[in-house]
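Numbering (the numbering used here), first residue to last: 1 to 284. Working notes, beginning with the structure itself.
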């Protein structure tokens with residue numbers, strides 16, 4: 001049976017009273033920039049034949065995915081956003097409305113769900129989006145292993161966090177890539193469940209995890225992007241930001257925040273300060 005058909009929560013059980021959810025790319029793994037610069041954007045240019053506008057299109061891709069308040073957006077949502085600009089400014093994208101509709105309406109934004117939609121709707125744009133996403137995964141797979149490294153402070157921080165809380169990886173990246181990257185860096189021994197693209201949105205993953213008996217006030221989402229914050233807010237759980245270009249500082253302080261959480265000492269004043277730093281850092 002293929003991975004996408006399996007229940008990603010299978011075998012998970014609550015062992016502690018607290019839960020920390022951790023995003024992968026750009027949060028724990030220092031892989032976000034290289035994946036977008038060398039895989040996502042270039043594959044889009046090739047798939048849609050955008051070589052004549054390569055530089056402005058790639059600039060727009062990186063702005064959407066790395067350097068704005070849409071940082072960390074799901075790959076298919078980013079694709080729809082950037083192709084809308086291409087359609088407006090450079091050349092018409094056949095069938096773009098089908099991609100927009102799928103992105104807005106689908107409960108699962110993954111290759112498997114897209115493949116089913118492409119077959120069902122016989123849409124050329126959905127087929128191209130699937131082909132692009134598969135090409136991206138192949139390119140990511142071929143990135144040199146030394147480029148798939150963790151941010152400083154992660155290897156030391158995760159075991160400290162695990163002393164106080166169960167740990168769930170909650171990522172919108174490809175499942176196989178997440179498992180390989182975390183496993184290759186020796187992080188999975190302190191992880192209780194890996195929830196990636198095929199498990200649903202980050203918000204829905206947190207919602208499912210809460211059903212295991214964690215009070216919302218005992219759960220913290222750790223992430224580097226506004227989507228991580230939104231997923232936390234949608235479920236009434238805490239959000240701890242990993243600040244772009246200040247990742248080591250963020251990870252150095254994270255175990256202390258989790259320790260305060262487990263001691264019922266983490267509160268609204270802490271959250272307000274962290275959110276202000278997060279927004280100022282990303283907009284600055």
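C-beta: ideal position from N, C-alpha, C; glycine also. Computed from a predicted model, the values in this text were never measured in an experiment.
Annotation: residue 150 is outside any beta strand (DSSP E) and is labelled neither H nor E by DSSP. Rounded to whole angstroms, the gap between the alpha carbons of residue 29 and residue 149 is 6 Å. Restricting attention to 101, 108, 201, 144, the CA atom closest to the CA of residue 123 is found in 101. Around the beta carbon of residue 162, 16 or more other beta carbons lie within 10 angstroms, which makes this residue buried. Taking 8 Å as the cut-off, the Cβ atoms of residue 79 and residue 44 count as close.
Ranked by how close their Cα comes to the Cα of residue 110, the residues 75, 208, 86 have 75 in first place. Put simply, the backbone Cα of residue 92 is about 7 Å away from that of residue 86.
For residue 158, the closest C-alpha among the options 71, 107, 185 is that of 185. Ranked by Cα distance from residue 247, the options 155, 212, 198, 176 are led by 155. The three-state secondary structure of residue 248, taken from DSSP, is helix. Proximity to residue 10 across 212, 174, 153, 218 peaks at 212, based on C-alpha coordinates. Per DSSP, reduced to three states, the secondary structure at residue 48 is coil, with no helix or strand assignment. Within the stretch 110-178, the beta strand (DSSP E) runs of at least 3 residues that lie entirely inside it are, in chain order, 166-170.
Beta-bridge annotation (DSSP): residue 194 is paired with 169.
Contact annotation: residue 223 and residue 229 have beta-carbon atoms nearer than 8 Å. When the alpha-carbon of residue 26 is set against those of 20, 18, 35, 19, the nearest one is in 35. If you draw a straight line from the Cα of residue 252 to the Cα of residue 151, it comes to about 11 Å. Taking 8 Å as the upper bound for CB-CB distance, residue 166 and residue 14 are in contact here, some 6 Å apart.
Residue pairing from DSSP places residue 220 in a beta bridge opposite 20, 238. For residue 280, the uninterrupted alpha helix (DSSP H) run begins and ends at 268-283, by DSSP. Residues of the same chain with a CB within less than 6 Å of the CB of residue 136, apart from the 5 flanking positions on each side, are 39, 40, 43 in chain order. With a 10 Å radius around the Cβ and a threshold of 16 neighbouring Cβ atoms, residue 18 comes out buried. One Cα belongs to residue 275, the other to residue 119, and the distance between them is close to 42 Å. Boundaries of the alpha helix (DSSP H) around residue 85: 75-89. Residue pairing from DSSP places residue 29 in a beta bridge opposite 25, 150. In this structure, the alpha-carbon of residue 57 lies about 8 Å from that of residue 82.
Taking the Cα positions, residue 193 is about 27 Å away from residue 104.
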